[in-house]
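Under the numbering used here, the first residue of the sequence shown is numbered 51, with each subsequent residue one higher.
Even glycine gets a Cβ: it sits at the ideal position worked out from N, Cα and C.
Everything numeric in this text was worked out from a predicted model, so none of it was measured.
See below for the structure under consideration.
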Amino acid sequence: MHRFYLTNNLGGGGTNVSRFVDYKQLFDLPNIGLLLNYYYLSGNFDIKMKFDTSLINTIHNYNDIADFLNVAKTYFTNCRSVSSFFKQNVEPTTINGYMLDNGCGNILRDLLQNDTYSSKLINKLIEPFHDFAELLKFDFAIALDYAMKYTYKDNESRDLKSKKLWQKLAGDEEINLSLITTTLELFKSKKYSHHIYAPIHGFDYSSFEDYSQKILETEQKIGSSFNGFALGGIADTRKLPNSVWSISSTISGEIKTGYIVSKLCQSVRSKTDRPLHILGAGSIYVLPFIINAGATSSDCHSAWRRASDGGFDKAKILIPLLNDKLEFINSKHALKYVRIRDIDDSYNFDFGYSIADLKKLYQSDNKENLYFAEILAFYEAIKQYDLIIRFTNTYSDFLQRLCKTTDNEFNTNYQILSDSLNQ
């Protein structure tokens with residue numbers, strides 16, 4: 051059973067990000083959980099652009115992340131309104147699973163830019179991070195690692211000195227294994243109820259396999275184990291060299307992620323049957339292949355970025371493949387993002403609102419209508435994730451069925467990927 055975790059950077063990320071809380075009743079979907087970021091949520095870091103600080107500063111007073119989010123919804127209801135086109139449920143609502151990301155990409159960036167980095171300082175963050183996950187009853191957390199960021203703001207990408215050191219640390223197996231060791235030693239002395247996944251990194255298939263093996267060996271040496279694993283460093287496969295990753299000329303950019311992640315999943319599955327999460331690379335276009343390869347959960351930030359970047363002129367919406375009856379409903383651009391302003395009547399949607407209404411909301415002078423439009427476009431994509439997972443749960447031959455949809459280009463890509471993985 052696979053679960054997809056939508057991402058939200060509550061506490062940072064912009065004035066529209068916290069609107070997810072106002073509308074979270076939409077996201078009570080069976081196969082959808084919520085990923086939150088320790089860097090933004092904990093209030094423990096000197097973030098340059100902070101949002102909702104009076105609320106975030108109270109989070110340590112709670113002992114359940116679900117309760118905190120319901121209180122947050124009440125808090126926001128008292129200080130702002132939602133779109134008049136939406137009927138908000140003011141009662142507590144649920145999300146089906148909570149995951150805590152370590153936020154190390156942001157933490158490490160700040161330390162490097164401020165010239166305050168030390169390995170000892172990173173190691174000292176391990177226990178407070180897991181105490182926070184335990185306090186708020188997250189289902190699982192990603193253990194600390196020297197992660198790279200894949201999106202940049204302000205001057206992040208222009209700080210070349212910090213970026214080079216960042217890349218060196220992220221690729222340093224020894225220093226990452228030191229975090230693994232410290233984390234496992236913590237487990238022996240302090241019992242946690244939340245599950246903890248070890249992040250696996252590498253620069254090609256063999257280095258991923260080698261690193262995962264060394265994690266298993268470290269577990270045996272210390273006498274403590276992780277509850278699962280997480281594949282990291284592959285969120286943007288466009289930057290991964292085709293020659294290194296054995297990408298043939300028949301594999302297009304649309305299915306490259308599916309090929310690489312599937313191969314890596316198969317490698318991990320040859321060593322362990324513990325849960326396996328895909329960090330940032332849970333592309334909906336190839337999600338069925340990732341599920342078939344053994345991934346038990348995934349996340350991806352693309353849906354929110356497409357819905358919230360650029361307003362009406364640039365915002366995109368996912369073209370659905372399935373309706374609520376799990377029937378194929380579009381013959382072009384299935385599971386691809388298309389500019390909302392370019393959508394016409396040749397597409398079918400099944401998310402409770404018309405595209406004409408969505409366009410009006412995006413173009414509204416009322417900022418709450420714009421925020422709602424972004425949430426709706428986001429919701430439409432997340433609902434497809436839920437339906438795709440339901441499809442894979444319903445049909446044992448889901449990959450074969452997905453090679454015979456109403457979208458011929460989609461069928462061709464799926465057949466190519468299927469054939470490539472079976473070679």
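- For S347, the uninterrupted beta strand (DSSP E) run begins and ends at 347-349, by DSSP.
- Residue P249 holds the alpha-carbon nearest to the alpha-carbon of I192 among Y125, D222, P249.
- The stretch 174-181 makes no contact with the stretch 104-119: fewer than 3 CB pairs, one atom from each, lie closer than 8 Å.
- A direct Cα-to-Cα measurement between G283 and Y335 gives close to 19 Å.
- Counting every other CB atom within 10 Å of its CB across the protein chains shown gives V67 a total of 16 or more, marking it as buried.
- Here I109 carries a helix assignment [DSSP, helix/strand/coil].
- Closest in alpha carbon position to Q138, among S262, F422, F253, is F422.
- Contact between the stretch 120-127 and the stretch 140-147 is established, with three or more Cβ pairs separated by less than 8 Å.
- Counting along the chain, no beta strand (DSSP E) covers P338; the unbroken alpha helix (DSSP H) around it starts and ends at 337-342.
- Per DSSP, the unbroken alpha helix (DSSP H) holding Y89 starts and ends at 88-91.
- Bounds of the alpha helix (DSSP H) holding I432 are 417-444.
- Contact annotation: L234 and I272 have beta-carbon atoms nearer than 8 Å.
- In the displayed model, H180 falls within a helix according to three-state DSSP.
- DSSP places T456 outside both helix and strand once states are collapsed to three, so it counts as coil.
- The closest CA to that of G62, considering only R53, M51, L91, is found on L91.
- Inside the stretch 127-155, DSSP marks whole beta strand (DSSP E) runs of 3 or more residues at positions 148-151, from first to last along the chain.
- A distance below 7 Å between beta-carbons, with the five flanking residues on each side excluded, links F448 to the following residues of its chain, in chain order: P338, F441, T442.
- In chain order, V132, F136, Q138, F422, I425, Y429 place their CB closer than 8 Å to the CB of Y73, counting only its own chain and leaving out the 5 sequence neighbours on each side.
- In the three-state reduction of the DSSP assignment, R319 falls in the helix class, which pools H, G and I.
- A contact between stretches requires three or more CB pairs, one per stretch, nearer than 8 Å, and the stretch 352-367 meets this requirement with the stretch 375-391.
- With contacts defined as CB atoms closer than 8 Å, L236 and L194 fail to qualify as a contacting pair.
- Fully contained in the stretch 232-280 are the following alpha helix (DSSP H) runs of length 4 or more, in chain order: 255-272.
- The criterion of a C-beta distance shorter than 8 Å is satisfied by F401 and K433.
- When DSSP states are grouped into helix, strand and coil, T307 belongs to the helix group.
- DSSP, read as helix, strand or coil, puts F54 in strand.
- Going by DSSP, K170 is part of the alpha helix (DSSP H) stretching over 169-174.
- In chain order, I297, I301, L467, S470, L471 place their CB closer than 7 Å to the CB of Y309, counting only its own chain and leaving out the 5 sequence neighbours on each side.
- For the options G278, A431, Y247, the alpha carbon positioned closest to that of D323 is the one of G278.
- T65 sits exposed, since fewer than 16 C-beta atoms from the chains shown fall within 10 Å of its C-beta.
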